[in-house]
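Chains as they are written, first to last, in my numbering: chain A, 1 to 339; chain B, 340 to 678; chain C, 679 to 1017; chain D, 1018 to 1356.
Quick look at the structure:
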C-alpha cells in the first residue's frame, strides 16, 4: 500500500503513521517528494489488514492499494487459459466456441423440448432455462421449480445437451446440482457469498454472471470465492451492467470481456439477451461477442416470444436462432476457432 | 399497458395486436393519433402477464406500463405512515428520530461494550454491528459469526439497546433472529429474494438496505416481497448507490429518501457511513438526512477506527459520535420531531 | 402523449386535465381502465408544447411521451442508410469499412508525418489528430493550435489522407474547417448546441462523438441539431460512456452502435482508444466494433506512446496499428464489406 | 506518481522504467516490496508530463497519481472560505444563506415581473431566468434571447435583485455579461473550456454547474480553468448527476457539496429543481441542501408551472416558493447562519 500524506505534514505526524504501519504488520518506507511525502508499506496486502483505515487520520490524504487482490483467478504466472469441462464439453482455452441456448424460463414440456431440439440442431452444446426465476415483483411468474428441473432433465435425456440453470437459494443446491451441468449464479446474487460458497461445494461447474453494478475486479473476487472454496471450475458470464442508458435494458460491456480475459485464466461467455433486453440487437451483439474473444454465448430462445412468461421481449424465436448461428459463423472462423 | 405502434402500421397488423392483447387477458382500446396509433390495454397489470413481450413484434414501437407494481408498500389509500416497532421502540410516523450506532463489525467484547455504552449515552436506541460480514474478498475478515451474536446479546443485556445486525444466509435465520431486533438485509442481498422471504418468515422487523444499482421502484418491490410474505414490519435504509464518482465510496441519494417516503408508508432511515465511505463527510450528510425527512440514522462508530477490522475509514470515533448528536439536534427539532 | 391519472381521481379533476390538454393544443381521449384512467393526447408532439408540465398537478401520476422526437435523423421511411462523403471518400451504407488513424495530439512535423505515412500504408483513408485539445486541467498540454492545423495540412498534402480534427470553439470554425475534412465535435461538447450549429454552418461533414452521459436518443437529437441547421453530412462516433467501472477509462457501448444504426440512417464509427483508455484492449474492441456493424474505426496511433503529450496509455504504436489491421481484416470480410 | 511494476519483473526492465522516468523530468525512487516493486517518481506532477503513458509498457501494472491537480481552487493553505460578491451581495463564507429564485425560462414581461416580485418578497437576493436555453431538441423553445435579457434587466431595475442567467455561446459573452450579475455555465457546457475562458474574461462572477457525468475533481478542475484565467469569482452549483435511477430526473449529490466544501474554498450552491426534476421533492431536498452546508439555493419558480414553456414539472408556483422559505428557515438558523 502507498500512504499519501498531506503537503507540509509535521515530522511527528509522519512518524505516527510509520509506527502504525509497523504495528499493522507492514514495513514502512518513507519517500519524500517535492510536494508531498508518501509512505510505501511493504508486505503482502492479501495477508494483512487493510491500511485504508488510516484515511481517517488528518495527516493522511489517501491510501492507494498496489497489489491485485485476487490470486487463484489471476492470469499471472499461468501458462495458459483454463478449460472448464461440463457434461463432457470443454469451454475456454482453445476449445470450440460454445453456444448455450434456451428459454428464459422453462414453461412446459412442449416448450422446452421444442427449444432443446432446435438448439441441438443449430449446434448448441448446452440448453439454458430457468426453473427458479428471480423476479423483481413477487406477483410475477417465479418459475416451475422442481417441475422445471424435471423438464430440463427430460430435455437432456432426449438431446444430450448439457444443462445450464440458475441456483437461487442455498436450500436448492442439492436438487439443482442433480440436474445442472453448469450451475448459474445470477446477476442479483453475484455477491451473495453464502450462495457462492454453497454452489462451490456442489462440485459442479459454476457460471458466474456479473452483477449489475459490479466492477471487473469485484467479479473476479467473486470467482475467487468459488475457487478458494475448492472449486476451480468457474466460467464468467458478462450480461450487461446498469447505466443511465434507457434505450436498452442493460449496457453490454464487451470491454469487460477483454479485460477479464487479460486479468484471469477463466473462460468468459456473453449473454446478449439480457445485455440488450431487446431482441432486435441480439444478433449484432452476438457477432461482437465472438469477435471480442468470448468463449461462448448464452442466448435466450423461445418458440413464441410474445407469449413467454418472462422476458419475451429479449428472446429470439427458432428462426432467429438459426439466423444467429449463420451470422456468427464467419466471425468464429475469423477468430481461428471451431464453431 | 399502452402499446405504441409504429407510424403507418397496416390495419391487419393493428388487428393482430388487438387479438393478442385480448388473448393475454386485457381489453384493448384503440386510439388513433395524428402520427401513431396506440392501444390501451385495460386490466390490472399486476394480475396479468406483462405485455412487454409484444415489443418483439415488428409493428410495435414500445410498450409502456401504466400502473405501479407495488400494492402493500404503497402510500396510496393509506391515511398515515407506518410505525415499525422493534425492542419496544417505534420507528417512523411521528415517532422520535432514531439513532442506530455501532461498529461495522463486532470485533471483541471490549470493543462492542465500549461502543454500546457510548451509543446509549449519546441517545441511541439501537446498537448496530456485523457478526457475519459480506466482504468483497474471501481473504478479508468475515466477522466473528456466532461469537459476534453472543457479544451483541451481551451488549443488549447491559444497555437495553435494540440490536441491528445483518443476515447473510438463509441458514442463519434462526440464530440471527434470536439476537436481532432488526434483521438487516444488506445492499448486496437486496434482490436475494430467497433471503428476503426467509427473513420475513422470522417474524422479526426487517431493515432493507437499497442495493447498489437498485431503482427506488425495485427497492419498494423488494419490500413488497417481505410484506407479501406476511411480514409488515419493514424499514427501508438508503446507503448510497454506485455511480461514476470516485471521490466517495457511494453516492448517497437523499432524493430517494424523499421519493420513497412519498411513494410508500414505510419508515426510511439513512446510512451516511456507507454512503460517503469517508468519515469526514458523515456528519454533514447526517444533518442532511435529518432535514430531508428520514426517520433515523444508521451510523458506524468504532473506538479506534484506524485499527478496525473492516471499513475503518468510514467509522466515527466516540468523540465523533457525540459531535454528530450535537450537530443533528437542531435539525431534528426543526423537523418538529423529538430526538 | 399519455397522461396517467392517479387511481380514484374525481371526475372534476379529470375534466380539469382534459381542458388543459385541449388548451395546450392536443385533443384528449379518455380511457377508463380497471385501476386507473389515462388520457391520450392526440397531436404531433414535436409541434406542440410538452405536456410533461402537467406532472405537477396532484391528480397526475405520470406523463408518457409516445413519439420519437427526431425526424431528420430517423431511419423511419428511409429506404437505405446514408453515405457521408469527405475528401472524396464515402463512409456508411455499403461503402468499405473505413480506418481513421492518428495521434491523440499533433505534436511535431516528424511525429504527424510518421503516423500519416504508416496510416496510409496500413490502408487508412483518414488521418486523425488534435490541434486544439480539451484537457481536464488547464495546466496540461492544450495542443499546438494553428501550428497543429498547418501540420495536418502538410500531412494531407503528402499522403492524400482526409483529415479528422476537433473543433473546440465557435471562434475557430473557419480555420479548422479550412483544413478538416471531418469536423469532430468532442464528447464534452456533444450538447454544446451553439458549437453544433456553428459547425453545421461550415458545410463540412461533422463527426459527432457521443457525450459521456448521453443517451442514444439524446445523441440522435444532437445530430438532429446539425441536420436541422441544413447540414446532412453527419457521422456518429461511439467512444464509450461513463459508468462505475474503473478498470477502463470508459465503457464502450457497442449496443449503442447497433441501436443507433437501427434508429437512424446515419453512419456510425467507433473509437476504441477512448473507449478502453488502455492500449491492451484496443484491438479486441476494434474487432468487436467491426462485427457489431460499425462503418469505421477512429483509432489513436503514436510513434512513441510512452512520450506522447496526451493520453499515451491508450495509443497504439506503429506495429500495433499493423496488427490491428491484420486482426480486423477477416471480420470486415465476414461482414461482407470491402476493407 | 507511483509506478507499480508487475510481479517478477526483470532487473533490466525495471531500469528501463527508471531511465524513462528520469527522461520525463522526475527523480525515480525504487521500493522493492514483498510481491511487487514500485517506483516513486519525485517531482511536481502539475509541472511535468503525466507518466500515465508508461502504462503501455508490458512491465508496468499501473500508474497512480499522488498529487491533487488543482491549485487555485484548493482549500489547502487557505485560512478561510472565499466570499464571492455579485450585485453587492456576498455569497459563501459566513455570509447569510442566499436564495436565488426564478423561472426556468424568461417567457414574458408579466411572467418575469410576477416571479421577481414574489422572489424579492420571499427574501431572495437573486433572480434566475434563462434567456438562452440549451434544449435537447432543436424543435423545443430555445428562449427569448436578447428580448429575455431585456426583461431580466427590467426586473432587476424594479426589484434590485441580482441576475443569474446562463451563457450558452462565446458569441454572447458581452451581451449576457451586460445584464447578468452571475454568469451561469450550464451542466452541458461544464467542460466547454473555451466558454469557461471566455466567461472568465468578462470579469463577472461565474456560477459553474456540475456536469451530468463530472467527478468532483473534474468540477474543481473546471473552476480552476476560470481561476487560472484570472477570475477568482467562482461559485460551484450542484444540480444532480446522471445515474441509473429513473424515478427522478437526476440524482442530487449532496455528498459532493460536502466534499467540494472540504476540498475547495469556493462557495457552493444547490439546484434542487434540476436535481429532482419533480416539484414534489424540491422542498425536502432544499432543507437537506441547507443542512449539508450549502451557501445558497438556486430554485425554479413559475407563476403557472403547467403552462411553462420549459421544465414545468420541476417548477414551484408562488405559493410553493413561500412554503419553501418557511420550511428552510429553521434549518438555516440551525446552521448558525442568517437567512
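Glycine is no exception: its CB is placed at the ideal position from the N, C-alpha and C atoms.
Note that this is a predicted model, so its numbers are computed, not measured.
Ends of the alpha helix (DSSP H) at residue i?
i              : result
residue 938/C  : 932 to 941
residue 586/B  : First-last for residue 586/B: undefined, no H or E at that position.
residue 951/C  : 950 to 954
residue 687/B  : Within the shown structure, residues of chain B are numbered from 340 to 678, placing residue 687/B beyond reach of any answer.
residue 354/B  : 350 to 362
residue 218/A  : 216 to 228
residue 1008/C : 996 to 1012
residue 624/B  : 621 to 631
residue 1321/D : Residue 1321/D -> no alpha helix (DSSP H), and no H or E assigned at all.
residue 366/B  : Taken as a continuous stretch (DSSP letters only), residue 366/B belongs to no alpha helix (DSSP H), being part of the beta strand (DSSP E) at 366 to 371.
residue 1132/D : 1126 to 1139
Below 8 Å on the Cβ atoms is my contact criterion, and I expect residue i with residue j to pass it. Report the Cβ-Cβ distance as a whole number of Å.
i              : j              : result
residue 630/B  : residue 1217/D : No, residue 630/B and residue 1217/D are not in contact; Cβ-Cβ is about 34 Å, not under 8 Å.
residue 874/C  : residue 900/C  : 6 Å
residue 1148/D : residue 1161/D : 6 Å
residue 1337/D : residue 1287/D : Contact doesn't hold; Cβ gap of about 17 Å is too wide.
residue 1323/D : residue 698/C  : 6 Å
residue 1185/D : residue 1222/D : With a Cβ gap of about 18 Å, residue 1185/D and residue 1222/D do not count as contacting.
residue 298/B  : residue 744/C  : Chain B is shown only over 340 to 678; residue 298/B falls outside these bounds and no answer can be derived.
residue 918/C  : residue 952/C  : 6 Å
residue 1359/D : residue 1233/D : No information on residue 1359/D is available, as it lies outside the stretch 1018 to 1356 that chain D covers here.
Within the continuous beta strand (DSSP E) that includes residue i, where are the two ends?
i              : result
residue 62/A   : 60 to 64
residue 832/C  : Per DSSP, residue 832/C belongs to no beta strand (DSSP E); it is in the alpha helix (DSSP H), 824 to 837.
residue 241/A  : Here residue 241/A belongs to no beta strand (DSSP E), and DSSP marks it neither H nor E.
residue 974/C  : 974 to 978
residue 1021/D : 1019 to 1022
residue 844/C  : 840 to 844
Report task. Mind the definition here: the region 48 to 67 of chain A touches the region 1 to 10 of chain A only if three or more C-beta pairs lie below 8 Å; say whether that holds. Result -> yes
Report task. Anything in the region 54 to 71 of chain A with a Cβ closer than 7 Å to a Cβ of chain B? List those residues in chain order, please. Result -> 54, 55, 56, 57 and 69
Requested in this report: Tell me, please, whether the region 67 to 78 of chain A touches the region 95 to 112 of chain A by the rule of three or more beta-carbon pairs shorter than 8 Å.
Outcome: no
Query raised in the report: For the 8 Å Cβ check, are there 3 or more pairs between the region 923 to 938 of chain C and the region 246 to 260 of chain A?
Result: yes
Requested in this report: Identify each residue in the region 1054 to 1069 of chain D for which the Cβ-Cβ distance to at least one residue of chain C is less than 7 Å, and report them in chain order.
Outcome: The region 1054 to 1069 of chain D vs chain C, Cβ under 7 Å: 1063, 1066 and 1069.
Requested in this report: Mind listing, in chain order, the continuous beta strand (DSSP E) runs of no fewer than 3 residues lying wholly within the region 173 to 210 of chain A?
Outcome: 182 to 185 and 205 to 209
Report task. Determine which residues of the region 688 to 709 of chain C have a Cβ less than 9 Å from any Cβ of chain D, and write them out in chain order. Result -> 698, 701 and 702
Query raised in the report: Looking at chain D, which residues of the region 165 to 195 of chain A have a Cβ within less than 8 Å of any of its Cβ atoms?
Result: Residues of the region 165 to 195 of chain A with a C-beta atom less than 8 Å from some C-beta of chain D do not occur.
Report task. Taking only beta carbons into account, state which residues of the region 307 to 336 of chain A come closer than 7 Å to chain C, listed in chain order. Result -> For the region 307 to 336 of chain A, which is checked against every Cβ of chain C, the residues closer than 7 Å are 330, 331 and 334.
Requested in this report: Could you list the residues in the region 474 to 496 of chain B with a C-beta less than 7 Å from some C-beta on chain A, going in chain order?
Outcome: 475, 476, 477 and 478
Query - Inter-stretch contact (C-beta, 8 Å, three-pair minimum) for the region 647 to 655 of chain B and the region 632 to 639 of chain B - result: yes
Query raised in the report: Looking at chain D, which residues of the region 576 to 597 of chain B have a Cβ within less than 9 Å of any of its Cβ atoms?
Result: 579, 580, 581, 582, 583, 584, 585, 586, 587, 589, 590, 591, 592, 593, 594, 595, 596 and 597
Query raised in the report: Where are the alpha helix (DSSP H) runs, 4 residues long or more, that stay fully inside the region 743 to 783 of chain C, in chain order?
Result: none
Requested in this report: Could you tell me whether the region 684 to 691 of chain C touches the region 81 to 97 of chain A, where touching means 3 or more Cβ pairs closer than 8 Å?
Outcome: no
Report task. Decide yes or no for the touch test of the region 903 to 916 of chain C against the region 230 to 238 of chain A: beta carbon pairs closer than 8 Å, at least 3 of them. Result -> The region 903 to 916 of chain C is not in contact with the region 230 to 238 of chain A.
Query raised in the report: Taking a cut of 7 Å between CB atoms, which residues from the region 1235 to 1248 of chain D lie near chain C?
Result: Answer set for the region 1235 to 1248 of chain D: 1235, 1238, 1241, 1242 and 1245.
Query raised in the report: When Cβ atoms are compared, which residues of the region 615 to 648 of chain B fall closer than 7 Å to chain D?
Result: 615, 619, 620, 623, 624, 626, 627, 629, 630, 631 and 632
Report task. Could you list the residues in the region 204 to 215 of chain A with a C-beta less than 7 Å from some C-beta on chain C, going in chain order? Result -> 213 and 215
Query - Selection of the region 1091 to 1105 of chain D by Cβ proximity to chain B, strictly under 7 Å - result: none
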